[in-house]
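Numbering (my numbering), first residue to last: 26 to 277.
Notes follow the structure.
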Amino acid sequence: DALPIWYKVGPNDTINIGLIGCKGMGFSDLTSFLKQSDVNVIALCDVDESVLRQRTQDLEKAGIKKPKWYRDYRVLLEDKDIDAVIIGTPDHWHCLQLTDALQANKDVYCEKPIANSIQEADIMLSKVMASDRMVQIGQWQRSQPHFVDAIDFVHSGALGEIRLVKAWAYQGWMKPVAPMPNSAVPQGVDYNMWLGPAPERPFNANRFHFNFRWFWEYAGGLMTDWGVHLIDYALYGMKASTPKSVMALGGK
Numbered sequence: 026d027a028l029p030i031w032y033k034v035g036p037n038d039t040i041n042i043g044l045i046g047c048k049g050m051g052f053s054d055l056t057s058f059l060k061q062s063d064v065n066v067i068a069l070c071d072v073d074e075s076v077l078r079q080r081t082q083d084l085e086k087a088g089i090k091k092p093k094w095y096r097d098y099r100v101l102l103e104d105k106d107i108d109a110v111i112i113g114t115p116d117h118w119h120c121l122q123l124t125d126a127l128q129a130n131k132d133v134y135c136e137k138p139i140a141n142s143i144q145e146a147d148i149m150l151s152k153v154m155a156s157d158r159m160v161q162i163g164q165w166q167r168s169q170p171h172f173v174d175a176i177d178f179v180h181s182g183a184l185g186e187i188r189l190v191k192a193w194a195y196q197g198w199m200k201p202v203a204p205m206p207n208s209a210v211p212q213g214v215d216y217n218m219w220l221g222p223a224p225e226r227p228f229n230a231n232r233f234h235f236n237f238r239w240f241w242e243y244a245g246g247l248m249t250d251w252g253v254h255l256i257d258y259a260l261y262g263m264k265a266s267t268p269k270s271v272m273a274l275g276g277k
């Protein structure tokens, strides 16, 4: 049982998945996983019961039987039937959940960004290197064929010498979030578990679910949300690893 998935899965075997964080990209990732005939989802974990209900209904409509429910990811990780986990939680949880999953001998697909700090990333990398588990981060631009084809074209030299590369994100679909007062925690939400390692704050709907990414306590804004893809794409194209210097311009 200690063997990683790529050793123990045969042509007739099934990889049992547990999803941690089911609202957004986590469920999108799971949907992609389930396109593989050897993948089965047996567990969902989320701090919001309404999300668990909705995602279970979505799966049942697709002919997939109801998975086990968990509110605490640590309990999910104790399930010996689970081979691998998808981590689709807010960014401030990634470090703890990925390292805990490795400790529980689970293979891991973790959404980007890897972490909220260099210190967290270093901790995660050390745990990955000390483990025999398979770990992948959601940097889809490294594997999607049209991105790879474009990079191969750049690397072919057909464009000649490249002097300047610009990367940007069009986010016209995102609308400003109007200020909202603090409120009671919605029924069925384990807000303390949602906060986890983040500072204690009153519940505010503007910080919950999708909008967590605009607050320093949980994420790094658009730079870590989309920059993690697009800046990496530029570095990939130029066969570069890390910047030599950084300059920032902007408003607030």
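Heads up, the beta-carbon is just placed ideally off N, CA and C, and yes, glycines get one too.
Legend entry - 4 or more residues per run - each alpha helix (DSSP H) lying fully within the region 46 to 112: Within the region 46 to 112, the complete alpha helix (DSSP H) runs of at least 4 residues fall at 50 to 58, 74 to 86, 98 to 101.
Legend entry - Inside the region 147 to 225 only - alpha helix (DSSP H) runs reaching at least 4 residues: 170 to 180, 216 to 220
Inset, instruction - Under 8 Å Cβ to Cβ from G51, same chain only, skipping five residues before and after it: list those, please. - result: L44, I45, I111, I112, G113, T114, E136
Legend entry - Separation of K60 from S168, as counted between CA atoms: The alpha-carbon of S168 is positioned some 17 Å away from that of K60.
Inset, instruction - Note down, in chain order, each residue of its chain lying with its Cβ closer than 7 Å to the Cβ of Y216, except the 5 sequence neighbours on either side. - result: Same-chain partners within the cutoff: V210, F228.
Legend entry - Cβ-Cβ distance between E242 and H117 below 8 Å: yes
Legend entry - D104 and A126 closer than 8 Å at C-beta: Going by beta carbons, D104 and A126 fall outside the 8 Å limit.
Legend entry - beta strand (DSSP E) segment containing D132, residue limits: D132 -> beta strand (DSSP E) spans 132 to 135.
Legend entry - Cβ neighbours of L150 in the same chain (closer than 8 Å, five flanking residues each side left out): none
Legend entry - Option in Y258, F240, K200 with minimal Cα separation from D21: Since the displayed the chain opens at 26 and closes at 277, residue 21 lies outside it and no answer follows.
Inset, instruction - Quickly, what does DSSP pair N141 with across the bridge? List them, please. - result: DSSP, once it has assigned bridges, lists no residue as partnering N141.
Inset, instruction - Determine the direct distance from the alpha carbon of G246 to that of L55, and round the result to whole angstroms. - result: 24 Å
Inset, instruction - With a threshold of 16 other CB atoms inside 10 Å of the CB of G275, please say whether the residue is buried or exposed. - result: exposed
Legend entry - Classification of G163 by the beta-carbon crowding that lies within 10 angstroms, buried from 16 upward: buried
Inset, instruction - Leaving out five residues on either side along the sequence, give the residues of the same chain with a beta carbon under 7 Å from the beta carbon of W94. - result: L69, L77
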